[in-house]
Amino acid sequence: MYLTEALKAGADVVVGHGHGPVCHFYDDAVIRSYGYKVIRSSGSEVIRSSGSEVIRSSGYKVIRSNRKTVKPNNLKTLKSKLQFITHFTDRYSYLDSAMMALEGGCRWIQLRMKDADEAEIERTARQILPECRRRGAVFIIDDHVELVKRVGADGVHLGKNDMPVDEARRILGDEFIIGGTANTFEDIQRLAAQGADYIGCGPFRFTTTKKNLAPMLGIEGYENIVSLMKTHGINLPIVAIGGITYDDIPQVMATGVTGIALSGSVLRADNPVEEMRKIAIQLRVKN
Ligand SMILES: Cc1ncc(COP(=O)(O)OP(=O)(O)O)c(N)n1
Ligand SMILES: Cc1nc(C(=O)O)sc1CCOP(=O)(O)O
Ligand SMILES: [Mg+2]
């Protein structure tokens with residue numbers, strides 16, 4: 001945060017040539033995540049956007065871009081391939097489930113507590129949030145937009161019966177992740193137009209974790225959706241969800257989706273931490 005503030009404050013100061021001071025500490029991707037674009041003056045990578053304004057000149061040029069501001073954590077999320085969704089079972093509490101997922105190397109946790117009241121969700125969120133922060137994991141909450149803001153989580157996941165994504169965006173602004181649920185390509189078009197940051201697309205197969213499931217997509221469903229997205233130039237991260245197990249991952253990922261979200265297959269394993277570790281390794285999740 002400090003360096004980003006320094007970058008903004010010093011935007012008009014010409015620092016001459018040589019190494020960009022900020023880039024000693026942050027990589028370009030992080031600087032971009034704050035709404036700037038980086039042009040290396042001597043390197044091969046040149047990134048420009050129309051309407052961009054050059055605001056700093058050095059070994060690097062950092063230019064203000066037109067894109068929305070995204071927190072570094074969020075940027076990481078949007079590249080992330082693995083989301084764990086909390087679930088209460090006979091053996092584990094919601095908190096336990098999140099802790100085991102973190103222990104197993106997952107770095108994107110969604111707190112989903114369908115039958116709990118908001119006070120209970122808030123209490124649990126406030127327990128999980130510092131554990132996520134400590135491990136550099138992203139923390140989002142299912143359904144509860146205002147709660148996300150109140151506890152300072154990283155974002156929210158919204159389905160068809162929840163607050164519309166564009167309304168949530170007005171409340172949360174650009175700094176929070178907003179994910180939306182899709183079952184069809186038309187859902188994805190709508191969510192893209194409303195400004196979703198990523199799509200949870202499912203169900204892959206039947207699952208008891210969610211009631212009132214939409215029709216199952218299977219491998220073919222994802223192939224069709226990914227293909228239509230390419231044809232229509234929609235470039236949003238797609239997280240496959242619904243009954244996904246370790247063994248499914250290679251073929252699900254081969255459809256071109258960005259990542260997977262899961263819950264039950266980890267919690268049903270004899271050793272959920274080891275199951276998550278196996279999955280994180282398979283997806284090459286970085287810690
Ligand atoms: C990653 C992800 N994808 C889909 C969902 C489902 O959201 P929704 O349709 O709102 O259903 P509930 O989870 O609220 O029962 C999700 N939570 N996460
Ligand atoms: C929360 C959720 N949403 C789904 C959808 O299809 O929108 S499927 C699902 C459950 C995901 O958990 P599991 O890995 O145990 O099936
Ligand atoms: Mg919901």
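With the first letter of the sequence shown counted as 1, position 60 gets the number 60 in UniProt numbering; the numbers rise by one all the way through. Even for Gly, the Cβ is constructed at its ideal location relative to N, Cα and C. Everything numeric in this text was worked out from a predicted model, so none of it was measured.
Helix, strand or coil for Ala269 per DSSP? coil
Sorted by chain position, which residues of the same chain lie with C-beta nearer than 7 Å to Leu191's C-beta, five sequence neighbours on each side aside? Val165, Gly180, Ala182 and Ile199
In or out: Ser227 buried (at least 16 other Cβ within 10 Å) or exposed? exposed
Spatial neighbours of Arg91 within its chain, please: C-beta separation below 8 Å, excluding the five flanking residues on both sides. Leu267
Within 10 angstroms of the Cβ of Gln110, are there 16 or more other Cβ atoms? Answer buried if so, exposed if not. buried
Gly155 to Asp270, Cα distance in whole Å? 31 Å
With DSSP as the reference, label Cys106 as helix, strand or coil. coil
Given a cut-off of 9 Å, decide if Phe139 and Ile128 are closer than it, judged by their beta-carbon atoms. yes
How would you call Ile281, buried or exposed, if buried means at least 16 neighbouring beta carbons within 10 angstroms? exposed
With DSSP collapsed to three states, give me the class of Gly173. coil
Local Cβ density within 10 Å of Lys210, reported as buried at 16 or more and exposed below that: buried
Looking at ligand 3, does it come within less than 8 Å of Leu158, judged from the CB to the closest heavy atom? yes
Measuring alpha carbon to alpha carbon, tell me which of Ala193, Asp115 and Thr86 ends up nearest Ala98. Thr86
For ligand 3, is there any heavy atom lying closer than 8 Å to the beta carbon of Asp115? no
Can we count residue 289 as close to ligand 1, meaning its CB is less than 8 Å from some heavy atom? An answer regarding residue 289 cannot be provided, because it is not within the stretch 1 to 287 covered by the chain.
Short check: CB of Leu217 to CB of Pro237, under 9 Å? no
Output the distance between the C-alpha atoms of Val252 and Asp187, rounded to the nearest integer angstrom. 20 Å
Buried or exposed, going by whether 16 or more other CB atoms sit within 10 Å of the CB of Arg169? buried
Give a single yes or no on whether Gly243 has its beta carbon closer than 8 Å to a heavy atom of ligand 1. no
Ile279 classed as buried or exposed, judged by whether at least 16 other C-beta atoms fall within 10 angstroms: buried
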